[in-house]
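These protein sequence lines are chains A and B, in that order.
Just so we're aligned, residue 1 is where the first sequence starts under the UniProt record's numbering, counting upward by one.
Just so we're aligned, residue 1 is where the second sequence starts under the UniProt record's numbering, counting upward by one.
Where a beta carbon is used, it is the ideal one built from N, C-alpha and C, also for glycine.
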Amino acid sequence: MTPRRRPHPLVPAAVLAVSARPAPGVLLLPLIHTCAALLALVSLAVTLRHGLDERPVACAFGALVAVGELTRWTGAGVREPAPLGAAGALAYALLGENAGRPAGHGALQVVAVVGAAGLLGGVPHVARGRPGTADHLARRLLTVGFTAVCFQPLSDQGVLRAWRGPAWALLPAGLLALTALCDAVLAAALAHARTRWPFGPLLREELRALPGIGSAVCATGAVMAPAVAVAGLWALPVFSLPLLLTQVAFRRYAAVRATYRQTIACLARATEIAGYTPPGHARRVAALSRAVGRDLGLGEPDLTVLEYAALMHDIGQLSLVDPVPAGATAGLPAAEQRRIALLGGAVVRQTGAAAAVAEVVERQADPYREQPLPARIVRVVNAYDEKVRHAGPGAPLEALEELRLATAGEYAPEVVEALARVLAREGRDGLIPLTSG
Amino acid sequence: MEAVPARARAYVAGVACLAVLCVLPLPAVRPPWWALLFLAVLHAGCEHVARRRFAGTAHPAFAPAFHPVLLAGAFLLPPPAAALVALPGALLSRVERRPVLLRRVWRAARLAVAVAAASRVHGALGGRDAVAGADFPYVLAPAGAAVLAFCLVLTALDGGLVALGAGAPPPPLGPWGRAPVRRAWRGLLPRSLAPVAVHGLAGLMMAVLWRSPYGPLAALLVLLPMCVSWWASAQYHRERAAHQATIRALVQAVDIKDGYTRGHSERVGQASVMIARELGMDDERVEVLRFAGILHDVGKLGVPTRILRKDGPLTPEERRVIELHPEYGHEIVRGISFLGEARSAILHHHERLDGSGYPYGLAGGEIPEPARVVAVADAFDAMTSTRSYRRARPVDAALAELERCAGAQFDPRMVTALVRAVARRGWCPAVTADEALPPRGVPAPDGPVADRTEAHR
């Protein structure tokens, strides 16, 4: 971490502690933003005063970062929105020499160049009203600052000369692994501050995503620096291409994922239009299940399985000749519930969704002790949604009470408690987005 | 063993001999053995992981071979050594279809010959010295030539195999098929050049770093982004297959309710595609029309099963309920953004040109074009398949009937296009959805059920 990531010196620690208790995430966001802004301002001031060292190199890397930021793209499930910008920034932080000559730019110049390029590349995004530019820039500046502060002093003092050799790749790779960890913590903290979802699962999620695009970014950054050292600035375009390809592949993947999710949602809506279930039921159960799953610490792959299963949990009713009254399966005899669940599983198996989804749908009506966790969640949330549907303002509490009383065999107590926490946090008809993460 | 033509076997054997000839001068060139071993193991490892990752996807043909290591070998090593790098990976790779041995030999031989050619071209242009000196703009020229040579040799070898009546698209031999000689090579080169060029760039980066003071360890890092992008495209193909399965599941959900029309949706999709192609629409629109045809009756999910399965005449009340199905369908697919125009086709496929159709009674040009296409395709398939109340009509009679109704019910342009397309290519729809079901023409076991929407036309 850079020294600037500590709390602002003007805010006494006691005040932080007291005010943090009611809403732990409230101060986090301004804190991170202030640190990043201070870091950028100081580096810009120092760099302007001393002038740019190695102007062509600085301009080339600045251009790379700016282009990377221009092509920034955020979508569902995207961990690193601007891989090219990130790799360019990290490579600049790790650059010790250029075509055989020592580079000699300091850590502050790295931060200044990356910050200026990031601002430049972020302008169109801000102009088009896309959210998240400030968070993104803050994250980028702090991580690059960390890498540069760790690496550049060593490089300037010639410590690394001795290392130059086959083992050299280990040093930047290790340093970047450390940087990636810090970045994951930062990203999780920002997400926590924005969404109030528990920090632990968010961090776990970030860490789990590291081997994907994160590793590609770090590897490109780590490889670009020595390549520039050997071959000069020619290495930049050559080494950017595979990463661009990676970005395109990820976009394509995200696009087809989004389409797939829409199609699953349509399949789920079919039962509503057929009059088997009330409008919006599948969507509400899916959104609430996702929130409960998140509260219980499920990771992104499990959350996707849970969401798909929740969307399609009533699909078995399509096989019934006559609809269940109001689609309320929770009130049916257990054997009938299980029959519908099995019919649903048979349909889901044809959808190409993971076998885990079909299993959740099939086992949603089993006694909770025999169920996997996602099936428990679907069962509880489904029963809750059916109970509160027609009732008045006091219904959520009554429904929760009924679920608690029935936990003996049907509803898993820990899931009911998680549901209560989620409802308390977000409000019954509040801000549970369908397509988050 | 499946029936592999003898001449194809002979061809594979010939290419294998060529590969052996490429490797034979190995002791004479005194290759750096440890580098060779390292690259060979690396390539075999990548190949193994790749084949496992792509194993579950719908299109094994999309599993691209992992070329960066091979090409790095071609840039670093003399031709016989570079050819040797390719062998262990291909010979040990996993083969899912028989004949296993022949496929392994073929994979190994074609790669070895291609890599040797690439290495020879690269060496002849002085590429190895340029790589060692990191002589940057120049280093790209021999590398580009080598990549081109690699692609050309692979294309020539693959095309030869296809021309001899065995194997379809490049890397893993597809189903043993055959193609006319003049079509065997078509499309192979452009399809492979772009990915191989990117792999070649990565290979060049590996080679330059390998020769630099930073050594092979730094070169290894180059592979990471390639592997990640490769993983992402494997996921893409997997997810795409899942998506197509979901679309099919939507159609099958209709079949659950209305068991008699099995396969109808998919055939309507195919007829719509034929009409769209005949009208000269671009590929994207043709694809949209395929989905429009497949999903046109999805709104029947909203019609009570009792009415869909009712045996006997419908009351006016029930008929009105059934006529809601285009609106239900439109409502169901509302959230699928990629469908675009197909949604209007689903809503309006029962409109008639004279304005007497439903749901809105649109007339003439007010009806969206895709809807006019799907209406013709729907009626055509309904007439040419057997229903409980009548046998299937012959294709000619159905087309004559369509022509009779053109102008009043159907758009004459679409009818003419269908007539022309059927005259040119015939009508032999292949349906995947009902593979496990009794052949067409045999009534479904759950009793005679009419397609009510078609019955009252």
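Name the chain E residues whose beta carbon is nearer than 7 Å to that of residue i?
| i | result |
| --- | --- |
| Ala242 of chain B | Looking for chain E here will not work: the only protein chains present are A and B. |
Can you give the Cα-Cα distance for residue i and residue j, rounded to whole angstroms?
| i | j | result |
| --- | --- | --- |
| Ala382 of chain B | Phe410 of chain B | 14 Å |
| Ala354 of chain A | Gln235 of chain B | 13 Å |
| Leu361 of chain A | Arg238 of chain B | Per the sequence shown, the amino acid found at residue 361 of chain A is Val instead of Leu. For Val361 of chain A and Arg238 of chain B, the distance between alpha carbons rounds to 21 Å. |
| Ala19 of chain B | Pro225 of chain B | 31 Å |
| Leu400 of chain A | Leu423 of chain A | 10 Å |
| Leu27 of chain A | Leu202 of chain A | 18 Å |
| Val348 of chain A | Arg283 of chain A | 17 Å |
| Arg339 of chain A | Val381 of chain A | 19 Å |
| Gly302 of chain B | Leu353 of chain B | 26 Å |
| Pro27 of chain B | Gly96 of chain A | 41 Å |
| Val4 of chain B | His48 of chain B | 26 Å |
| His122 of chain B | Met224 of chain A | 24 Å |
| Leu189 of chain B | Cys151 of chain B | 7 Å |
| Pro394 of chain B | Thr384 of chain B | 6 Å |
| Val23 of chain B | Gly145 of chain A | 51 Å |
| Ala330 of chain A | His125 of chain A | 47 Å |
| Leu39 of chain B | Gly89 of chain B | 10 Å |
| Pro172 of chain B | Arg110 of chain B | Its pLDDT being 35, under 50, Pro172 of chain B is placed unreliably in this model, and the value from its coordinates should be taken loosely. Roughly 11 Å between the two C-alpha positions. |
| Pro226 of chain A | Val113 of chain A | 20 Å |
| Thr47 of chain A | Leu178 of chain A | 26 Å |
I'd like the span of the alpha helix (DSSP H) that includes residue i, first residue to last.
| i | result |
| --- | --- |
| Phe75 of chain B | 68-76 |
| Thr271 of chain A | 235-273 |
| Glu370 of chain A | Glu370 of chain A -> no alpha helix (DSSP H), and no H or E assigned at all. |
| Phe338 of chain B | No alpha helix (DSSP H) holds Phe338 of chain B; DSSP gives it neither H nor E. |
| Cys59 of chain A | 55-70 |
| Lys257 of chain B | 215-257 |
| Cys151 of chain B | 136-163 |
| Val4 of chain B | Val4 of chain B -> no alpha helix (DSSP H), and no H or E assigned at all. |
| Cys35 of chain A | 28-50 |
| Pro326 of chain B | 325-332 |
| Gln337 of chain A | 334-349 |
| Met274 of chain B | 264-278 |
| Gln109 of chain A | 107-127 |
| Tyr308 of chain A | 300-311 |
| residue 442 of chain A | Outside the displayed range of chain A (1 to 437) lies residue 442 of chain A, so it cannot be described from this structure. |
| Leu101 of chain B | 100-124 |
List the residues of chain A whose Cβ lies closer than 7 Å to the Cβ of residue i, in chain order.
| i | result |
| --- | --- |
| Lys257 of chain B | Leu318 |
At the 8 Å Cβ level, is residue i part of the contact set with chain A, yes or no?
| i | result |
| --- | --- |
| Ala345 of chain B | no |
| Arg285 of chain B | no |
| Val113 of chain B | no |
| Glu323 of chain B | no |
| Leu314 of chain B | no |
List the DSSP bridge partners of residue i.
| i | result |
| --- | --- |
| Ala406 of chain B | B:Phe410 |
| Pro198 of chain A | Per DSSP, none; premise fails for Pro198 of chain A. |
| Arg101 of chain A | A:Asn98 |
| Arg387 of chain B | B:Arg390 |
Flag residue i as yes if its beta-carbon sits less than 8 Å from any beta-carbon of chain B, otherwise no.
| i | result |
| --- | --- |
| Pro242 of chain A | yes |
| Thr179 of chain A | no |
| Pro7 of chain A | Confidence at Pro7 of chain A is low in this model, with a pLDDT of 38, below 50, so its placement is unreliable and no value can be given for it. |
| Ala234 of chain A | Strictly speaking, residue 234 of chain A in this sequence is Trp, with Ala absent from that position. Trp234 of chain A counts as touching chain B. |
| Leu245 of chain A | yes |
| Phe239 of chain A | yes |
| Val256 of chain A | yes |
| Arg379 of chain A | no |
| Ala418 of chain A | no |
So which residues on chain A does residue i lean against when the C-beta distance must stay under 9 Å?
| i | result |
| --- | --- |
| Arg248 of chain B | Gln350, Thr351, Gly352 |
Starting from the beta carbon of residue i, find every residue of chain B whose beta carbon is closer than 7 Å, and list them in chain order.
| i | result |
| --- | --- |
| Val347 of chain A | Ala249, Ala253 |
| Gly212 of chain A | Val228 |
| Ala274 of chain A | Leu301, Gly302 |
Please list the partners that residue i has in chain B, where partner means a Cβ-to-Cβ separation under 9 Å.
| i | result |
| --- | --- |
| Leu170 of chain A | Leu217 |
| Thr220 of chain A | Leu221, Val222, Leu224, Pro225 |
For a contact defined as C-beta to C-beta under 8 Å, what are the partners of residue i on chain A?
| i | result |
| --- | --- |
| Ile336 of chain B | Thr259, Gln262, Thr263, Cys266 |
| Leu36 of chain B | Ordered by position in chain A, no residue passes the 8 Å Cβ test against Leu36 of chain B, which lies about 18 Å from the chain. |
| residue 459 of chain B | Because residue 459 of chain B is not part of the residues shown, which for chain B are 1 to 457, the question remains open. |
| Ser265 of chain B | Simply none; closest approach about 14 Å. |
Taking Cβ-Cβ distances shorter than 8 Å, what residues in chain B pair up with residue i?
| i | result |
| --- | --- |
| Ser215 of chain A | Leu224, Val228 |
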